[in-house]
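Some notes on the structure that comes next.
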Amino acid sequence: MGGTSAGGGIPVESGARGLVTKVRETQWGLVMLALAAGCGAGLGAIVFRLLIEAFTHLFTGHDDYSAAGHAANPHLPWLGPFFVLAVPVVAGLVYGPLVHRFAPEARGHGVPEVMVAVAQRGGRIGAQVALVKSLASALTIGSGGSVGREGPIVQIGAALGSTLGRVARVAESRLRILVACGAAGGIAATFNAPLAGVFFAMELILRDYTVESFGVVVLASVTASVIGRAAFGSASFMSLPDFHMNHPVEYLLFAVLGLVGALVGMGFTRVLYAVEDVCDRVWRGPEWLRPAVGGVLLGGLLLVVPQMYGVGYPVLENAVDGKYVIGFLLVLLVAKIAATSLTIGIGGSGGVFAPSLFMGAMLGSAFGAAVHQLAPSVTSSPGAYGLVGMGAVFAGAARAPITAVVILFELTGEYSIILPMMTAIVVAALVSRHLSPGTIYTTKLRRRGVDLDTPPVDARLTRHVDSVMQPVPEPLSGALPLEAASRLLILSEHGALPVLDDHGAYQGVITARAAAEALADTESPTGADAAHHPRTAGTLAQLPTPLTTGMQLADALHVLTTTDGTGLPVLDDERTLLAGWVTHQAVLRVLHTPAKVGATAKPFTADADPLPAP
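What follows is the structure in structure tokens.
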């Protein structure tokens, strides 16, 4: 009856299943899904921004209250500026139960939840997260929560991409890519920054670069950006004045700003989680009520410093434009750290990217104003330092230098400051990596026992190299002519042999490939030149990354896969004596037959005579 086509041929169901299979498994199918994820993320970004604007106007009567000072709400003029005490409480009574009941993962800044979903859950994110995150974050920001839009839109886009992939029943590897497509699309559409969306997704979400994933993420980001530009226009997200470098010595000042920015970024991370811990210890009531009760504290802070209301981009632009004095800039910096930490600590929903930009602008503008007063003829305007400070603080907090450079360039459209910005961002990222084990995103996961920076290692590869190493092949003398060495390499099963000097000390390893290339070299010395510059095993010996007897097999396998030949010498733990030889096969054999252990060789000492030179 209903199972075949009109001509009695191929069943309709089979044709549909075949199409679904092609979408699920082919490259063009992944492209179509990525484009759909980009469309969904672009539309989601539009709805999210409209929700923020609607709630902000509802609660304050202004388009952006952060720039309104202590103005009253025109809907409630009799309350004067004191209405800010109530709006975080009212909003908390709405989004607190919503998050608690339907999507607890929508609480907080969102990006860590997406990172762990990609790394450990195969990219699976509940479909309800997109809706709940949109409403909760819009309510949080619209009611004065001092958080940003990037975390929510990343989680919203990622949830849409994950839902699309699970409906199509794609493999986990492709589901992760679709999550990244949604995240990139969200960033691209909401900030008009398609490149930033791509690098944010690759550097922070996927944490891996492949041709397949990069290509489809770009397509999703471009698609979402086109949709976002249709709604919001194509102008840069922030309008800033033109900047220029006055003197090359300023690069040193920008490097110092990068150092200070890293300290501020790391300090913000520590304060954020310290405040969260305090809120966890103090609060003993139902979790759904926590945002409303904590909203009283947030409202009090907003009453004192109304510039902390919401995202605060107008205040950021005023700071970069030089409209604030140094003292007030530092007050805004400290207040933003406190306001953002408190918003997230009480259970609010929002990102930390925009707050880190805000802090960087305050820090950089204050730094720039100070150095400009000291050396006005050498330094640029304070606004240049404010712009560079934005990237430095974000790089210090998130440790994503590529994303920081690209996103700051696209947000501002200011190319003239790119070199100072790169200088400060790289310094900030290096300092942060040296001083802090985690970032503002990964620290949240580390506190849950999830370490994305240290991928799990097969327990069998934690064994030491000395458990599988073999005896050292007969070494070559460093004075052995190349022709003789090549013959011995041909006879060797390893494709490489160790080389010792005249005193029996280890010189390195010569490979069959290196010997063959040297013999085939038509520009090699001949005649008298060859007599003065003889080609010997020692001249071609290379020092590979040293393997030691106490090294784990996982580390040894990584070194083996990046070298020529089929094996490498193993040194003792003091790296003075040849102890053995390890091959790819010996390590791989451990993975296939874990019960068997390779023979352990006795250390090779210099007392053993190398092959004599003929």
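For the sequence shown, the numbering used here begins at 21 and goes up steadily by one.
Here a beta-carbon is modelled for each residue, glycine too, at the ideal position from N, C-alpha and C.
Whole-angstrom C-beta distance between residue j and residue i, which should lie under 8 Å
i: G164; j: L318; result: 6 Å
i: E170; j: V149; result: Contact flag wrong, Cβ pair sits at about 16 Å.
i: G181; j: A244; result: The pair is not a contact, with the Cβ atoms about 11 Å apart (cut-off 8 Å).
i: Y461; j: P214; result: Not quite, the Cβ-Cβ distance comes to about 22 Å (not below 8 Å), so this is no contact.
i: R216; j: A412; result: According to the sequence displayed, residue 216 carries Ala and not Arg. Their Cβ separation, rounded to whole angstroms, is 17 Å, which puts A216 and A412 out of contact at 8 Å.
i: R310; j: G116; result: 6 Å
i: Q175; j: V134; result: 6 Å
i: A221; j: G62; result: Not confirmed; about 14 Å, so no contact.
i: H82; j: A74; result: The pair is not a contact, with the Cβ atoms about 13 Å apart (cut-off 8 Å).
i: L277; j: A390; result: With 8 Å as the limit, L277 and A390 do not qualify as a contact, their Cβ atoms being about 11 Å apart.
i: P334; j: S86; result: 6 Å
i: V114; j: L70; result: 18 Å between Cβ atoms; not a contact.
i: L500; j: T556; result: 6 Å
i: G370; j: I145; result: Wrong, their Cβ atoms sit about 18 Å apart, outside the cutoff.
From the options, residue whose alpha carbon lies closest to that of residue i
i: G365; options: A204, S154, V316 and G235; result: V316
i: D228; options: A139, V485 and S245; result: A139
i: Y329; options: G600, V107, Y405 and A275; result: V107
i: V590; options: A574, T582, L539 and G570; result: G570
i: A386; options: Y405, V398 and S397; result: Y405
i: A188; options: M379, G49 and A200; result: G49
i: I530; options: L509, G524, D541 and G388; result: L509
i: L322; options: D84, L105, A250 and P172; result: L105
i: D297; options: G367, F348 and P326; result: G367
i: G388; options: D300, G409 and H267; result: G409
i: A294; options: V236, L362, L431 and T603; result: L362
i: R290; options: V246, A191, A358 and A448; result: A358
i: I247; options: I72, I66, T399 and E192; result: I66
i: L608; options: A576, D593 and K153; result: A576
i: K153; options: K464, G142, M489 and G130; result: G130
Cβ shell of residue i (< 7 Å), same chain only, five flanking positions each side left out
i: Q527; result: G498, V519, L520, D521, G558 and A561
i: L239; result: V51, A54, L55 and G58
i: A147; result: A179 and T183
i: T565; result: V579
i: N93; result: T80, G81, L99 and F103
i: I346; result: A386, A389 and A390
Environment of residue i [buried if 16+ CB atoms lie within 10 Å]
i: Y344; result: buried
i: H514; result: buried
i: T46; result: exposed
i: E434; result: buried
i: F254; result: Rather than Phe, the amino acid found at residue 254 in this sequence is Ser. It is exposed - the Cβ of S254 has fewer than 16 other Cβ atoms within 10 Å.
i: H90; result: exposed
i: V492; result: buried
i: D486; result: buried
i: T596; result: exposed
i: E232; result: exposed
i: V302; result: exposed
i: L496; result: buried
i: W601; result: buried
i: P440; result: buried
i: H392; result: buried
i: T482; result: exposed
i: A395; result: exposed
i: S25; result: The predicted model places S25 with a pLDDT of 47, which falls under 50 and marks its position as unreliable; any figure quoted below should be read in that light. Under this definition S25 is an exposed residue.
i: T18; result: One cannot answer for residue 18 here, as it falls past the ends of the chain, which runs 21 to 634.
i: L226; result: buried
i: I427; result: buried
i: I207; result: buried
i: A332; result: It is Gly, not Ala, that sits at residue 332 in the sequence shown. Classification for G332: buried.
i: A424; result: buried
i: T230; result: exposed
i: I438; result: exposed
i: G22; result: With a pLDDT of 46 at G22, under the threshold of 50, the modelled position of this residue cannot be trusted, and the question is left open.
6 Å Cβ shell around residue i - same chain, five flanking residues per side excluded
i: L96; result: F103
i: W308; result: G116, P117 and H120
i: L224; result: A420
i: K616; result: In this prediction, K616 has a pLDDT of 42, which is less than 50 and means its spatial position is unreliable; what the coordinates show is noted afterwards. Around K616: no qualifying Cβ.
i: L353; result: M379, M382 and L383
i: G314; result: I366
i: A355; result: V325 and M328
i: T568; result: L591 and D593
Residues near residue i in its chain [Cβ-Cβ closer than 8 Å; skip 5 each side]
i: R480; result: L573, V610, L611 and P614
i: G342; result: S385, A389, S401, P402 and G403
i: V270; result: With the sequence shown as reference, residue 270 is identified as Glu, and Val is not the correct amino acid for it. Here the set comprises V398, T399, S400 and P440.
Legend entry - Minimum length 4: unbroken alpha helix (DSSP H) runs contained in the stretch 354 to 441: DSSP runs (the alpha helix (DSSP H)) wholly in the stretch 354 to 441: 373 to 394, 402 to 418 and 421 to 432.
Inset, instruction - Please list the segments of the alpha helix (DSSP H) lying wholly inside the stretch 158 to 206, counting only runs of 4 or more residues, in order along the chain. - result: Those alpha helix (DSSP H) runs which fall completely within the stretch 158 to 206 and span 4+ residues are 170 to 188.
Inset, instruction - Write down every uninterrupted run of the beta strand (DSSP E) in the stretch 575 to 614 whose length is 3 residues or greater and which is fully enclosed by it, in chain order. - result: 587 to 591 and 598 to 603
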